[in-house]
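In our numbering, the protein residues as written are 596 to 745. For each residue, glycine too, the CB sits at the ideal point set by N, CA and C.
Here it is in structure tokens:
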């Protein structure tokens with residue numbers, strides 16, 4: 596059985612790889628059935644909005660194109676607080692809160708976004724893989740946004 600500490604380390608590692616823009620490393624943590632979403636609730640239209648919905652191959656393609664895009668200069672840092680976990684067979688659902696901070700080239704840091712990760716992982720004796728991540732945003736104004744997953 597996967598220990599809570601191993602779950603925390605896995606989620607933290609996934610965020611660290613995104614911080615470092617180690618996209619191959621991040622994708623290596625994902626199952627081939629991985630599904631990534633960015634969602635937010637809009638009180639103006641009283642509905643959930645889906646801002647991104649990609650499977651493994653779609654996300655791999657998107658991340659492969661990041662160097663080709665004009666993008667926000669600087670670095671993103673994710674701070675994650677792992678919350679509740681629930682288990683079923685060899686799957687674990689994890690609800691966490693996150694803050695993404697952007698630091699520009701002059702060293703000025705601002706909060707980019709705040710929300711919750713709803714992650715699902717699967718594990719065997721030797722491996723752990725991310726099955727899905729829904730980055731549910733409380734922040735709905737991201738300025739010019741980002742080509743890198745939240």
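Cβ neighbour criterion (16 or more within 10 Å) applied to residue i
i	result
residue 731	buried
residue 640	exposed
residue 613	buried
residue 744	buried
residue 706	exposed
residue 633	buried
residue 642	exposed
residue 691	buried
residue 628	exposed
Unbroken alpha helix (DSSP H) run spanning residue i, endpoints
i	result
residue 669	Counting along the chain, residue 669 falls outside any alpha helix (DSSP H), and DSSP gives it neither H nor E.
residue 614	599-614
residue 658	651-659
residue 619	618-623
Among the options, the one whose alpha carbon lies nearest that of residue i
i	options	result
residue 673	710, 666 and 679	710
residue 737	642, 649 and 697	697
residue 598	682, 735, 663 and 725	682
residue 717	689, 637, 659 and 632	689
residue 678	661, 687 and 656	687
residue 669	691, 699, 719 and 680	699
residue 654	596, 703 and 618	618
residue 702	648, 666, 671 and 602	671
residue 601	741, 729 and 721	721
residue 667	704, 684, 694 and 652	704
Beta strand (DSSP E) segment containing residue i, residue limits
i	result
residue 725	723-732
residue 710	704-718
Cβ neighbours of residue i in the same chain (closer than 7 Å, five flanking residues each side left out)
i	result
residue 630	650 and 727
residue 626	717, 724, 725 and 726
residue 620	612
residue 733	709 and 710
Close Cβ partners of residue i (< 6 Å) along its chain, the five nearest in sequence each way excluded
i	result
residue 604	none
residue 644	635 and 637
residue 610	673 and 675
residue 685	717 and 718
residue 735	635
8 Å CB neighbourhood of residue i in its chain, flanking five on each side removed
i	result
residue 608	624
Cβ of residue i within 9 Å of any chain B Cβ
i	result
residue 727	Chain labels in this structure do not include chain B; a single protein chain is all it has.
Fully enclosed by the segment 672-697, which beta strand (DSSP E) runs are 3 residues long or longer?
-> none
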